[in-house]
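Position in the sequence shown (first residue = 1) + 1323 = the working numbering. See structure below.
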Amino acid sequence: MKKENSWIKNHGFSLVEVMVAAGLLGVIALGGMRIVDFQTERTRDTSKNFQADNIMYDMMFALRDRDSCFETFKNKITTNSSIDKILRKDINGGLTELFKVNDKYGSIGTGGIGQVTIKEMKLGQVINKPVGSNLHFTNLFVTFEKKGGGSNKDTEATRLLPVKFIVDGTGVKLLRCVSENSNNLEDLCNALGGILDFSDNDLCKSINVKTFTAANSATMGGTIPARPYSLKAEGAVDVRGKMTFDYVGRAPGVGPVTFDGGQINNVTKIFVKGSASANEVSATKYNHVSDQKEKKNIKVLSEIEANRILSLRGVSFNWKDSGEKSLGLVAQEVQKYYPELVDQTGSGLTVQYANLIAPMLEVIKRQAKQIKENEFELQKIERKLASPKKKGDKK
């Protein structure tokens, strides 16, 4: 054994041994190269997918703007319509080509390895839902050509983006366009039991409200913050139960509830604790709260207080807004004699006409008493004149 090892040391490896060793090294090197190539290709493929996903995200973000969405699809809203570019409407009103068919995006290394090309953009099937409505649903299919390198062939991948169209009565003219991001508003409307009408300024209609508070929440021990929210209903609002409108935090004369050109139909009663303003109110019966238990310091008007009503003028006039002719009093004149019957509402004055019945009643009662006394005196005079004269009476 010692002799054999000594020979190898003096004369080296045999040719066969060298060839075997070289073959093993080649296999190892080839395997290493394949591993590196595989990792490189995976990196490139990941980059290409990232580029495609980035483009789809940017498209979705751009089409969230309804003006940009409208400009992109305004003449192409039918099934299989080809879209050649995605447009973005700028703040100044101009249009920018955000993405375009056959344009290349992204790059790794040389030769464009890792680039993606938008090969095609077209609409899928356009569905009218519900049938007969002006709301159409579809998907924008975007096909990417992912460029390879070396022996790798180009591959394709398709992404989709949901889109909704609001069209006119003919079904061929686009009125408005919204991307899938409108689902947030739609989900909120659905949660309230309503129907979101995209064709009517995104109004949420037919809401079924069980418990709804249109206000910010306050922390324990904190103050009630400002209330910027409002509930607007186009159509009927049916309330079964109690409905309270809080006046807290509002400036004098600014009410929390406004009914413009509509009407309130109630089957029981409406109780307003505070003030309410209306251009016209029609009722078969109008009740004032007048219970003695709600009042204090009750006393009959003095003759001076009652007679102040005689200083008021009954006037005819025309309303400036409508031109309609009417009769009444002038609030500033009433304020001079009965300031407690005049209120400030918004930028004008109002008069509690019904409460003027108190001085009127006292004046009428005093006049009635005076008339009765005058009648009594007149009767005395008439009896005296009618009685026969006796002899000796002086002429």
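Glycine included, each C-beta is placed from N, C-alpha and C at the ideal position.
- In terms of Cβ geometry, Thr1419 and Asp1413 form a close pair [threshold 8 Å].
- The beta carbons of Glu1705 and Ala1629 sit about 31 Å from each other, so the pair does not count as a contact at 8 Å.
- Across the structure, Lys1703 and Lys1692 are spaced so that their CA atoms are roughly 17 Å apart.
- Judged by DSSP in its simplified three-state form, Leu1498 adopts strand.
- Leu1679 sits in a helix when the DSSP states are folded into three classes.
- Residue environment analysis places Ile1680 among the exposed positions, since fewer than 16 neighbouring C-beta atoms fall within 10 angstroms of its C-beta.
- In summary, Pro1682 is buried, with 16 or more beta-carbon neighbours lying within 10 Å of its beta-carbon over all protein chains present.
- In the DSSP assignment, Arg1389 falls within the unbroken alpha helix (DSSP H) covering Arg1389 to Phe1396.
- Ranking Lys1445, Asn1398, Thr1466 and Gln1667 by CA distance to the CA of Ile1489 puts Asn1398 first.
- Only buried fits Arg1499, as 16 or more other CB atoms lie within 10 angstroms of its CB.
- Going by C-alpha positions, Gly1417 is about 60 Å away from Leu1664.
- Thr1440 is not a Cβ neighbour of Phe1464, given a cutoff of 8 Å.
- Within the region 1399-1461, the complete beta strand (DSSP E) segments of 3 residues or longer fall at 1408-1412, 1418-1423 and 1439-1446, listed in chain order.
- Relative to Gly1492, the option among Asn1457, Lys1659, Pro1485 and Ile1378 whose CA is nearest is Asn1457.
- With a minimum length of 3 residues, the unbroken runs of beta strand (DSSP E) contained wholly in the region 1627-1685 fall at 1638-1641, 1648-1651, 1665-1668 and 1671-1674.
- Judged by their CB atoms, Ala1654 and His1611 are not nearer to each other than the 8 Å cut-off.
- Here Leu1701 carries a helix assignment [DSSP, helix/strand/coil].
- Residue nearest to Val1623 within the set Leu1484, Phe1640, Lys1688 and Asp1644 is Lys1688 (criterion: CA-CA distance).
- Counting only the Cα atoms, Pro1711 lies some 47 Å from Ser1634.
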